[in-house]
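**Student:** Below is a structure I'd like to ask you about.
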Amino acid sequence: MLKERIITSTDINFIKTLIELNHEKIVEIKYKEGIDRITAIVDKAKAKDVRVSKSDTKDLRISMTFYPEEIKNINFLEDLIFNKKNLFFVILDRIQDPQNLGSIFRTSLGVNVDAIIVPNKNSCRLTNTVREVSKGATEVIPLISVSNLPKVTKFLIQNNVNIFTCSGESKKNFYEANFKQSLALVFGSENDGVSKTLEELALEKIKIPMDAKLESLNVSNASSVILFEVFRQREL
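Residues in the sequence shown are numbered consecutively from 371, following the numbering used here.
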């Protein structure tokens with residue numbers, strides 16, 4: 371029998387996210403007494419029956435050990451498709467920078483993304499850097515890794531999920547699109563963009579209008595702009 375992996379975080383925002391949204395994954399929180407902000411966090415943990423203990427370790431304010439979320443497979447995606455309505459996916463085509471992936475996770479948490487889908491090759495995994503940059507979002511939003519991204523995209527289309535790709539060459543501004551139905555936003559790497567195969571599967575290609583002095587945005591910044599527009603439309 372394999373022993374379940376345990377990792378540690380000392381990031382306050384990460385710890386707060388897990389207490390609020392996935393406290394069952396927490397093994398233990400250790401903390402130093404006498405710090406008001408830390409005491410408030412510990413009180414919330416205690417209210418959810420999370421194990422806590424005092425620590426005398428120098429320079430340690432708070433730390434948390436937890437069981438990390440693992441990467442999901444196609445079966446998880448199928449369950450989502452068949453059991454939930456008005457889905458919201460993010461598809462990342464060959465995003466390899468852990469800072470970008472972590473930032474996209476964090477934004478996705480704020481706009482109610484159901485899952486992030488990536489190919490199992492040429493993509494960043496759930497590294498410690500990704501987890502820390504996400505401030506705990508990796509432990510709430512599923513990351514689904516698939517062997518054939520175009521095939522999975524076709525599966526989404528067959529199940530009434532509209533596909534949107536972001537491209538500077540598009541004539542349609544992102545805020546002109548209708549994001550109120552089940553959808554998946556596809557973002558590509560800064561160097562290569564979205565693959566031609568995925569672009570051809572898209573219902574619409576959209577762009578972020580910007581001054582000619584700037585050619586493009588970092589993928590995490592670009593995704594944030596569009597993700598919050600989806601959220602805005604769905605909240606109306």
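All residues carry an ideal CB built from backbone N, CA and C; glycine is no exception.
Measuring CA to CA, which of D413, N470, E403 and R421 is closest to T427?
**Tutor:** Comparing alpha carbon positions, the residue from D413, N470, E403 and R421 closest to T427 is E403.
**Student:** Taking 9 Å as the cut-off, decide whether the C-beta atoms of F458 and N443 are in contact.
**Tutor:** no
**Student:** Could you pull the DSSP bridge partners for C536 from this structure?
**Tutor:** I576
**Student:** Taking only the alpha-carbon atoms, compute the straight-line gap between D484 and L587 and give it to the nearest angstrom.
**Tutor:** 24 Å
**Student:** For P512, which of helix, strand or coil comes out of DSSP?
**Tutor:** coil
**Student:** Excluding the 5 residues preceding and the 5 following G506 in the sequence, name in chain order all residues of the same chain whose CB lies nearer than 6 Å to its CB.
**Tutor:** F384, T387 and L388.
**Student:** Can you tell me the Cα-Cα spacing of I461 and A554, whole angstroms?
**Tutor:** Distance between the alpha carbons of I461 and A554 is about 7 Å.
**Student:** With H, G and I counted as helix, E and B as strand and the rest as coil, what does DSSP make of K402?
**Tutor:** coil
**Student:** Less than 7 Å between C-beta atoms, sequence neighbours within five positions excluded: which residues of the same chain meet that for V516?
**Tutor:** Answer for V516: I444, I487, P489, N490 and V522, listed in chain order.
**Student:** According to DSSP, simplified to helix, strand and coil, what is P520?
**Tutor:** helix
**Student:** Of all the options E560, S540 and K395, which has the alpha carbon lying nearest to the alpha carbon of A572?
**Tutor:** S540
**Student:** Can you name, in chain order, every residue of its own chain whose Cβ lies under 7 Å from the Cβ of G538, other than the five neighbours on each side?
**Tutor:** Around G538: K577 and S586.
**Student:** Tell whether a beta-carbon distance below 9 Å holds between S379 and I474.
**Tutor:** no
**Student:** What would DSSP say about S504, mapped onto helix, strand or coil?
**Tutor:** Under the three-state reduction of DSSP, S504 is assigned to helix.
**Student:** Would you mind sorting G480 into buried or exposed? The rule is 16 or more other CB atoms within 10 Å of its CB.
**Tutor:** exposed
**Student:** Applying the criterion that 16 or more other CB atoms from any shown protein chain within 10 Å of the CB defines a buried residue, is R421 buried or exposed?
**Tutor:** Burial check for R421: the Cβ neighbour count within 10 Å stays below 16, so the residue is exposed.
**Student:** Can you find the residues in the same chain that come closer than 6 Å, C-beta to C-beta, to L372, ignoring five residues on each side of it along the sequence?
**Tutor:** In this prediction, L372 has a pLDDT of 45, which is less than 50 and means its spatial position is unreliable; nothing more can be read from the coordinates.
**Student:** Can you grab the Cα-Cα spacing for the pair I405 / D381, in whole Å?
**Tutor:** 15 Å
**Student:** CB-CB under 6 Å to L519, same chain, minus the five flanking residues each way: which ones, in chain order?
**Tutor:** P489
**Student:** So the candidates are E509, I596 and L471; which of them puts its Cα closest to the Cα of S559?
**Tutor:** L471
**Student:** Threshold first: 3 residues or longer. Then list the beta strand (DSSP E) segments lying entirely within the stretch 413-492, N to C.
**Tutor:** 422-424, 432-436, 458-463 and 485-489
**Student:** In the DSSP output, what is F557 paired with across the bridge?
**Tutor:** L462
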